[in-house]
Amino acid sequence: MLGTLTILLLCQLAGELIARLLHLPVPGPVLGMLLLFAGLLLRGGVPRAVQDTAGGILRHLSLLFIPAGVGVMTHMERLGSEALPIAVALFGSTLFGVAVTAKLMAALLRRGTDGETRP
Amino acid sequence: MNAGLNADLREIWVYLSASPLAGLTLTLVAYQAGLWVFERFGRRPVLNPVLIAVLLITGALTLSGIDYRTYFDGAQFVHFLLGPATVALAVPLHNQFNQVRRSALAMLVALLVGSTASALSAVALAWAFGGSMATMLSMAPKSVTSPIAMGVSEQIGGLPSLTAVFVIITGIIAATFGTWVLNLVRVKDWRARGFGMGVAAHGIGTARALQVNEVAGAFAGLGMGLNGLATALLLPALYHLFR
Numbered sequence: 007m008l009g010t011l012t013i014l015l016l017c018q019l020a021g022e023l024i025a026r027l028l029h030l031p032v033p034g035p036v037l038g039m040l041l042l043f044a045g046l047l048l049r050g051g052v053p054r055a056v057q058d059t060a061g062g063i064l065r066h067l068s069l070l071f072i073p074a075g076v077g078v079m080t081h082m083e084r085l086g087s088e089a090l091p092i093a094v095a096l097f098g099s100t101l102f103g104v105a106v107t108a109k110l111m112a113a114l115l116r117r118g119t120d121g122e123t124r125p
Numbered sequence: 599m600n601a602g603l604n605a606d607l608r609e610i611w612v613y614l615s616a617s618p619l620a621g622l623t624l625t626l627v628a629y630q631a632g633l634w635v636f637e638r639f640g641r642r643p644v645l646n647p648v649l650i651a652v653l654l655i656t657g658a659l660t661l662s663g664i665d666y667r668t669y670f671d672g673a674q675f676v677h678f679l680l681g682p683a684t685v686a687l688a689v690p691l692h693n694q695f696n697q698v699r700r701s702a703l704a705m706l707v708a709l710l711v712g713s714t715a716s717a718l719s720a721v722a723l724a725w726a727f728g729g730s731m732a733t734m735l736s737m738a739p740k741s742v743t744s745p746i747a748m749g750v751s752e753q754i755g756g757l758p759s760l761t762a763v764f765v766i767i768t769g770i771i772a773a774t775f776g777t778w779v780l781n782l783v784r785v786k787d788w789r790a791r792g793f794g795m796g797v798a799a800h801g802i803g804t805a806r807a808l809q810v811n812e813v814a815g816a817f818a819g820l821g822m823g824l825n826g827l828a829t830a831l832l833l834p835a836l837y838h839l840f841r
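Top line first, the protein sequences correspond to chains A and B. Position one of the first sequence corresponds to residue 7 (the numbering used here), numbered consecutively onward. Position one of the second sequence corresponds to residue 599 (the numbering used here), numbered consecutively onward.
(1) Quick check: the Cα distance between A:GLY77 and B:ALA720, rounded to an integer number of angstroms?
(2) Mind checking if A:ALA74 is an interface residue toward chain B, Cβ cutoff 7 Å exclusive?
(3) Which chain A residues sit within Cβ distance under 9 Å of B:GLN809?
(4) Any chance you could list the alpha helix (DSSP H) runs of at least 4 consecutive residues sitting entirely within the segment 781-820 of chain B, in chain order?
(5) If you reduce the DSSP assignment to three classes, tell me which class B:LYS740 lands in.
(6) Kindly list, in the order they appear in chain D, the residues whose Cβ is closer than 9 Å to that of B:GLN674.
(7) Could you tell me which of B:LEU687, B:LEU757 and B:LEU619 sits nearest to A:ASP58, measuring between CA atoms?
(8) Rank B:GLU812, B:LEU680, B:ALA605 and B:GLY756 by C-alpha distance to the C-alpha of A:SER68 and give the top, closest one.
(9) Report yes or no: do the segment 825-834 of chain B and the segment 84-102 of chain A share at least 3 C-beta pairs separated by less than 8 Å?
(10) Do you know offhand how far B:THR733's Cα is from A:VAL106's?
(11) From the DSSP output, in three-state form, read off A:HIS66 for me.
(12) Taking B:LEU836 as the query, report the chain A residues whose CB atoms sit under 8 Å from its CB, ordered along the chain.
(13) Closest Cβ-Cβ distance between A:THR123 and chain B: below 7 Å?
(14) Say whether chain B places a C-beta atom closer than 7 Å to the C-beta of A:THR12.
(15) So within the segment 748-787 of chain B, which uninterrupted alpha helix (DSSP H) runs reach at least 4 residues, ignoring any that extend past its ends?
(16) State buried or exposed for B:ASN693, treating a residue as buried only when at least 16 other CB atoms are found within 10 Å of its CB.
(17) Which same chain residues end up closer than 6 Å to B:ARG806 when comparing Cβ atoms and leaving out the 5 residues on each side of it in sequence?
(18) With a cut-off of 8 Å on the beta carbons, I'd call B:GLY796 and B:GLY821 a contact; round off their distance for me.
(19) Does the pairing of the segment 28-41 of chain A with the segment 659-672 of chain B give three or more beta-carbon distances under 8 Å?
(20) Quick test of your reading: B:VAL742 and B:THR777, contact by CB under 8 Å. State the CB separation rounded to the nearest angstrom.
(21) What does the alpha-carbon distance come out to for the pair B:LEU633 and B:LEU624?
(22) With distances taken from CA atoms, which of B:SER615, B:ALA616, B:LEU614 and B:ILE655 is nearest B:GLN630?
(23) Please tell me whether B:ALA620 and A:LEU115 are closer than 7 Å, where the distance is taken between their beta carbons.
(24) Against chain A, with Cβ distances strictly below 7 Å, would B:LEU839 count as a contact?
(25) Consult DSSP for B:ASN646 and reduce its assignment to one of helix, strand or coil.
(26) Can you have a look at A:ALA74 and say buried or exposed, based on whether 16 or more other CB atoms are within 10 angstroms of its CB?
(27) Answer yes or no: does any C-beta atom of chain B fall closer than 7 Å to that of A:MET39?
(28) Could you tell me which of B:ARG608, B:GLU812 and B:PHE793 sits nearest to B:SER701, measuring between CA atoms?
(29) If you drop the 5 nearest sequence neighbours on each side, which residues of the same chain put their C-beta closer than 7 Å to that of B:PHE764?
(30) When the cut-off is 7 Å and only beta carbons count, does B:VAL689 lie next to chain A?
(31) Could you give the residue range of the alpha helix (DSSP H) that holds A:ILE92?
(32) Using a Cβ cut-off of 9 Å, pull out every chain B residue sitting near A:GLU88, in sequence order please.
(33) With DSSP collapsed to three states, give me the class of B:SER701.
(34) Just reading off the alpha helix (DSSP H) that B:PRO618 is part of, what are its end residues?
(35) Should A:PHE102 go down as buried or exposed, given a rule of 16 or more other Cβ atoms within 10 Å for buried?
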């Protein structure tokens with residue numbers, strides 16, 4: 007657990023450093039994810055401890071969104087004065103995004119030869 | 599009440615309302631309460647644990663007169679973990695790598711189209727209904743996980759904290775109405791259903807997909823990771839192109 011946490015932080019730190027040194031428009035944690043992914047590919051497998059700790063963190067992923075979500079209270083004024091455009095845009099684009107992505111992927115999977123995981 | 603006890607209570611309150619302990623504890627307690635309500639009342643998507651927790655905390659802070667900055671001093675320890683959690687997404691990505699490679703082309707096309715469709719439709723709808731420039735720019739990256747979305751928002755001149763709010767609301771909308779919309783457009787393949795939730799609604803969509811089906815959950819995690827990457831790379835470029 008401690009070892010994995012250290013690996014995750016080292017990858018994030020390396021990602022932040024690379025992004026800043028090379029002026030890349032990519033957030034550090036994303037580069038960190040790519041670094042860890044490359045490392046796992048090179049190693050040819052995921053160590054048990056890394057598997058467990060990563061799973062533990064990701065199982066409660068939605069908890070991590072709460073502090074930022076409470077930030078809604080600092081934006082009440084804007085949310086009130088622009089309620090219609092914000093509500094329409096968030097509802098419309100989210101449901102449109104889910105539908106377009108899933109429909110297109112399902113159509114492309116059907117055309118391919120690998121359609122065995124049907125419900 | 600005894601005057602000494604009263605003074606003690608006031609002192610304790612002053613300590614607690616300013617210490618990180620209160621904000622951190624409140625976040626965890628509210629999340630557990632959200633999970634409890636969700637499990638207790640039949641795991642209905644409307645009873646999203648994040649939504650319940652945010653409402654509980656906002657209510658508690660408003661009632662006690664504690665401002666967001668003071669709360670965040672404590673809650674930032676939870677918020678900070680979004681970074682390592684993003685890195686940890688490499689693990690499910692690697693786990694699914696072989697299964698994923700076979701549907702790579704379908705996924706890549708669906709990712710690029712879905713990611714662009716989410717961002718552009720959000721900006722276009724906000725514009726059509728009279729949203730301000732700051733709102734439109736803050737809305738563009740709202741489909742991806744908060745640390746990435748906030749970083750992108752900052753780069754293109756949006757308000758990162760407003761983007762974070764849009765990110766959460768997007769996730770809650772998809773978790774609540776995603777199943778309904780996927781049935782409406784008659785998508786039955788669990789891989790496609792999960793991928794759509796992950797691409798359009800990041801971690802909260804993925805959490806919902808995981809509750810419904812394991813394959814959907816894996817592909818949702820992948821969609822979230824890939825769209826995080828695609829949005830981080832493409833959106834700043836797209837913005838500079840159109841500016």
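For glycine and all other residues, C-beta sits at the position ideal for the given N, C-alpha and C.
Put simply:
(1) Cα to Cα, the separation comes out at about 21 Å.
(2) So, interface residue.
(3) The premise fails here: B:GLN809 is roughly 11 Å from chain A at the closest Cβ pair, so nothing lies under 9 Å.
(4) Here the runs fully enclosed are 788-810.
(5) In the structure shown, B:LYS740 sits in coil (DSSP, three-state: anything other than H, G, I, E or B).
(6) You won't find chain D in this structure, because its protein chains are A and B.
(7) A:ASP58 has its Cα closest to that of B:LEU687, out of B:LEU687, B:LEU757 and B:LEU619.
(8) Across the set B:GLU812, B:LEU680, B:ALA605 and B:GLY756, the C-alpha of B:LEU680 shows the shortest separation from the C-alpha of A:SER68.
(9) With a cut-off of 8 Å on Cβ pairs, the segment 825-834 of chain B is not in contact with the segment 84-102 of chain A, counting fewer than three such pairs.
(10) Inter-residue distance for B:THR733 and A:VAL106 is about 24 Å (C-alpha atoms, whole angstroms).
(11) In the three-state scheme derived from DSSP, where H, G and I count as helix and E and B as strand, A:HIS66 is classed as coil.
(12) Those within 8 Å of B:LEU836 in chain A number zero; the least Cβ separation is about 11 Å.
(13) Below a pLDDT of 50, predicted positions are generally treated as unreliable, and A:THR123, at 46, falls in that range; the measurement from the model is reported next regardless. Taking Cβ atoms only, chain B reaches closer than 7 Å to A:THR123, which makes this a yes.
(14) No, because no Cβ of chain B sits closer than 7 Å to the Cβ of A:THR12.
(15) Unbroken alpha helix (DSSP H) stretches of 4 residues or longer found wholly inside the segment 748-787 of chain B: 758-782, given in chain order.
(16) Its Cβ being crowded by 16 or more others within 10 Å, B:ASN693 is buried.
(17) The residues are ALA773.
(18) B:GLY796 to B:GLY821, Cβ: 3 Å. Contact.
(19) Result no; under three Cβ-Cβ pairs closer than 8 Å.
(20) Here B:VAL742 is actually not in contact with B:THR777; their C-beta atoms are around 21 Å apart, not less than 8 Å.
(21) In this structure, the alpha-carbon of B:LEU633 lies about 14 Å from that of B:LEU624.
(22) In terms of CA proximity to B:GLN630, B:ILE655 leads the group B:SER615, B:ALA616, B:LEU614 and B:ILE655.
(23) A:LEU115 is positioned such that its CB atom lies no closer than 7 Å to that of B:ALA620.
(24) Output row for B:LEU839: interface = no.
(25) DSSP places B:ASN646 in coil when its eight states are reduced to three.
(26) Residue environment for A:ALA74: buried (at least 16 other C-beta atoms within 10 angstroms of its C-beta).
(27) Any Cβ of chain B closer than 7 Å to the Cβ of A:MET39 would place that residue at the interface, and such an atom is present.
(28) Selection B:ARG608, B:GLU812 and B:PHE793 evaluated against B:SER701 yields B:PHE793 as nearest (Cα-Cα).
(29) Taken in chain order, the residues that qualify are SER736, MET737 and LYS740.
(30) Yes, because at least one Cβ of chain A sits closer than 7 Å to the Cβ of B:VAL689.
(31) A:ILE92: member of the alpha helix (DSSP H) spanning 89-117, first to last residue.
(32) Within 9 Å Cβ-Cβ: ALA724, PHE727, GLY728, GLY729, SER730 and THR733.
(33) In this structure, DSSP gives B:SER701 a state outside helix and strand, which the three-state scheme calls coil.
(34) If you look at B:PRO618, you'll find it in the alpha helix (DSSP H) that goes 618-638.
(35) Here A:PHE102 is buried. Its C-beta has 16 or more other C-beta atoms within 10 Å.
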